[in-house]
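Asks: Below you will find the structure I want to go over with you.
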Amino acid sequence: EGNILVIFEGLDEVPVHVDRSDLIKEINTLLERGIDYDVMHDKLTYSIYEQKEIHNTRDPTIGNRFIITSRIEGNYFEDIKFFIPRLTIKDMSNDALRLFCSSYMKCINEISVKTRRVGKESNIDQLYDEITQNKDIFHLAINPQLASGITAVYNQCEERLVTLYIDSPTNYLDKDFQLNTTMLWSILKQIAEYLHKESIDELITKLVGIFKYQAGLLNEFGHNSFRFIHRTFQEYLAAKNIIIRYGIEQSESMIYASIHNKINISNWRVPLSMTFGILSKSAEQSLLFSNIIRRLLKDEKASFNMKSSTLLVPFVIIESLNDMYFSSKDIEHELIRNLADMLLSDYANMSGFSRLKEHQELIQSYFLKLKRKYNNTMAEWFIKKINHEDDVAACANIVYQMKWYNRKFHEIFLKNLHNDSIIWNWPIDSILRFYSNEITDETILTQLKLKNAISKNPELIKFIVNSETWLLLITALYGGYKNYKTQSSISEYYEIAQFLELTSSERAPFTFYYQEIWDRDDAAYSMAVYLDTKVTKERWSKKPLFDTNDIYKESFFTNKILELLQEKKSTTELTEDLRKQINSQKLSKSEKVEIAGTANNFQYQVAVLCDKCISSSEPDQIIKSLLKISDTIQIYRSVRGYPWVTDIFTFKLNNDNDIPIALFNCLENINTKIAYLVDTVSETFLKNGCFKKNPELISLVVLLHFGVTSNDHDSFGIYRKLLPELVEKSDVKEFLLERIQSMCNPYYKSRALYQLAEFYDEKSYELLNESFILTKKYSKANFKVSNIGKNF
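Here the sequence shown is numbered in our numbering, starting from 87 and rising by one per residue.
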């Protein structure tokens, strides 16, 4: 039809400060005239016909068109008189990218066959698979232009970015341009470091012309605004300048100091990664590289132990691993183990940033990076760590968050269930449940001996279900408790309902806590919607069931239990067998155990324990035992037991004579039928001088007894021994209040105030308010939320 499409390419390459008026005038003249294309003579002529103007837009199906294929940066087209719609090249769809990549790989294979290149045929999905594995490259590749660039350099670039720049075209500048590349590098490194610190100035401007026009290493993107042709080129030069300045290699101490000073600056992360790569690649500098890494880790450990702060160096080094070279696998794997040790140390430090979920997730993400690159090394490292009871719970939580299955992990976790921890919300229990329910591996069933045995014997299942004592024991030791979340869902319902019943002013102290869980804008509304729409009505009617498919744990007693089940004997036989085994062992005082529960009178058995064991034990033994009981996973949970955030914290004592607050929480929840246990514990602490060492504990213990109502509990006996003057006071509550007001420790004082508020009705609100105000003086967030929870 003789229509014309005129393409203006490269207008953005005309510098902004250059006078472009003549060029724009010619463009406007061209666009104002009609043009014809002479097919016979293959040339353009001005048209004498209507609708041949290039700017014609009246009918999209006829006439000439023009397009400008240039970047829109710099507003290059503002003086063109005609409307120019700005269009962006449409991204390819996932299917289009796959087709593009497979077509490219087919073409490569065909060329390889024709040119008889040695090597096996490439998988046509290989390029697409590798692009989609890296989300950053994927976002580039969906652009057709960039996809073409990626395919052009595919399999031609070095695996490590730093090597790409070491072997960059500048190595050939002295040959092709007769330039001294050593001098060129030296000057460029100065520029790169300078650009990394601040804006360009007159001193640098003098050098710009040389590198822009002669070397082609700088790019102008605005008037007097320059940058390196690629940012990573700048970062590489900045890294190089850390090692070599003015052509002179720096000493180990100077390089270390430069890295150490920059390691906490986010803008230097990539240059530092390249610095490690440059040092590790050079055979002459490999020892220097090892020494610097060793010093960085050593100083970081010392700083971490001294300040109890979070780590930084391991994160930077892990991010740099892809750029590093190692002289041997042993050296590489030793570094990986050291990095993992430091990450675990930070992760397990619950008095530091690991209290925060976000920091835990950060460390977990770096463990995942190590696992992806060093799967076998990390598996061996975890196996070693989870065999130690101090590390097993933290490691279990990391493994659970990564959803990482390993047969050896499963075997070790089964044997370490007794080392599970409430700090990490029972991670060993969680991961064993995950393995059993989600992982399809025959080895799991093999290791779950009891589950494997009774699943094949319906008679045993029937016997367990019909025996109350066996059913309780089996579900406690092995699981199999279906609908086990019923109690916690009811507890959650009551907690939300109680909060919603409060007035706006009464909700105020707790709003910040619930905003983090439900909604920062309107937590109460979100909670109400949740109860109306998400919580099923069946929660009230769901009954606990026994299901062998839900068995996920093992026990040291499995062989004996299976023997007793086969013979249809009672659980008493197991208890007696354990008693005989314990009595036959020569145990130290701290290891001795009394087996309770064999007689029908449980209260009597607890009394025997108080008389024989607790009264003659050391305070630290009692504390440790009761905290273990408090931490035990409870199948039945009281609906008044609210899951406050403080449950995940351990309380770090400031004073060696302090009794952990968790112990008071445990004693508060002792059943009133065995209240004499509280008496025995208090008497033992009194006998061992705990209250003389820390008198502020007296008020807390007195208030603890003040709230116990039981015929088996002698409150006044405790008062006479701990606080004799209390017995003679007519107004006991006011006397206790005066005593509390004299306390110095704000946490103990706040706790004592809310304890007294439970019984002092006339001043209840006043005491709770004062307790709440005191929480603002706490230096630790876990103490603050603990007492806020109690106030609630």
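Note that CB positions come from ideal geometry on N, CA and C, so glycine has one too.
Keep in mind the model is a prediction, meaning the values are calculated, not measured.
Could you tell me the alpha carbon to alpha carbon distance between ILE422 and SER641, rounded to whole angstroms?
Replies: 34 Å
Asks: Helix, strand or coil: how does DSSP classify THR237 here?
Replies: helix
Asks: Give me, in chain order, the residues of the same chain whose beta-carbon lies closer than 7 Å to that of SER413; leave out the 5 immediate sequence neighbours on both sides.
Replies: SER372
Asks: Restricting to Cα atoms, I'd like to know which of MET340, TRP556 and PRO400 is closest to ASN350.
Replies: PRO400
Asks: Look up PHE362 in the DSSP assignment and give the residues it is bridged to.
Replies: In the DSSP output, where bridge partners are listed per residue, PHE362 has none listed.
Asks: How big is the Cα-Cα spacing for TRP512 and GLU578?
Replies: 19 Å
Asks: Taking only three categories from DSSP, how would you classify LEU660?
Replies: helix
Asks: First and last residue of the beta strand (DSSP E) that includes LYS192?
Replies: Segment 180-201 is the alpha helix (DSSP H) holding LYS192; no beta strand (DSSP E) there.
Asks: Contact between the region 591-611 and the region 475-486 is defined here as three or more beta-carbon pairs at a separation below 8 Å; is this criterion met?
Replies: no
Asks: Hey, could you find the ends of the alpha helix (DSSP H) PHE821 is sitting in?
Replies: 818-827
Asks: Suppose you measure from the CA of VAL694 to the CA of ILE700; what does that come to, to the nearest Å?
Replies: 9 Å
Asks: Mind checking GLN300: buried by the 16 CB within 10 Å criterion, or exposed?
Replies: With a pLDDT of 44 at GLN300, under the threshold of 50, the modelled position of this residue cannot be trusted; read the value that follows with caution. So GLN300 counts as exposed.
Asks: Buried or exposed: HIS225, going by 16 or more other Cβ atoms within 10 Å of its Cβ?
Replies: exposed
Asks: Pick from GLU405, MET340 and LEU536: whose alpha carbon is nearest that of SER352?
Replies: GLU405
Asks: Report the partner residues of LEU631 according to the DSSP bridge assignment.
Replies: LYS568
Asks: Fully enclosed by the region 316-346, which alpha helix (DSSP H) runs are 4 residues long or longer?
Replies: 317-329
Asks: Any idea what DSSP makes of VAL92, helix, strand or coil?
Replies: strand
Asks: Where PHE869 and LEU790 are concerned, what is the direct C-alpha to C-alpha distance, given to the nearest angstrom?
Replies: The pLDDT assigned to PHE869 is 47, lower than 50, so where the model puts this residue is not dependable, and the model offers no usable value.
Asks: Under 8 Å between the Cβ atoms of PHE792 and PHE845?
Replies: Closer than 8 Å, so yes.
Asks: Just the C-alpha distance for LYS815 and TYR805, rounded to the nearest angstrom, thanks.
Replies: 12 Å
Asks: What do you get for THR237, buried or exposed, if any count of 16 or more other CB atoms within 10 angstroms of its CB means buried?
Replies: buried
Asks: Measuring only the C-alpha atoms, how far is PHE94 from ILE345?
Replies: Near 48 Å, if we compare the C-alpha coordinates of ILE345 and PHE94.
Asks: Taking DSSP as the reference, what is the three-state secondary structure of LYS129?
Replies: strand
Asks: Can the beta-carbon of ILE760 be found closer than 8 Å to that of VAL692?
Replies: yes
Asks: Nearest to ASN89 by CA position, among ILE121, GLY96, ASN114 and ASP98, is which residue?
Replies: ILE121
Asks: For SER703, count neighbouring Cβ atoms within 10 angstroms of its own Cβ and tell me buried if that reaches 16, exposed if not.
Replies: buried
Asks: Which residue's Cα is closest to the Cα of ASP663: GLN652, LEU651 and LYS646?
Replies: The candidate whose alpha carbon is nearest that of ASP663 is LYS646.
Asks: Could one say the Cβ of TRP490 lies closer than 8 Å to chain B's Cβ atoms, at least one of them?
Replies: As a matter of chain content, chain B is missing from the structure shown, which is built from one protein chain.
Asks: Helix, strand or coil for ARG151, going by three-state DSSP, please let me know.
Replies: strand
Asks: Let me make sure I understand the geometry here. Which of SER156, ARG184, LEU430 and SER188 has the alpha-carbon closest to that of ILE175?
Replies: SER156
Asks: Only counting the same chain, and skipping five residues up and downstream in sequence, which positions put a Cβ closer than 7 Å to that of LYS455?
Replies: The beta carbon of LYS455 sits closer than 7 Å to the beta carbons of ILE404 from its chain, once the five residues preceding and following it are set aside; these are given in chain order.
Asks: For the alpha helix (DSSP H) containing GLU811, name the first residue and the last one.
Replies: 811-814
Asks: Please classify LEU763: is it buried, with 16 or more other beta-carbons within 10 angstroms of its beta-carbon, or exposed?
Replies: buried
Asks: Which term fits GLU782, buried or exposed, when burial requires 16 or more other beta carbons within 10 angstroms of its beta carbon?
Replies: buried
Asks: When DSSP builds the beta bridges, which residues end up paired with ASP636?
Replies: Looking at the DSSP assignment, ASP636 forms no beta bridge with any residue, so it has no partner.
Asks: In the structure shown, what three-state DSSP assignment does ASP177 receive?
Replies: Shown here, ASP177 sits in coil according to DSSP, grouped into three states, outside any helix or strand.
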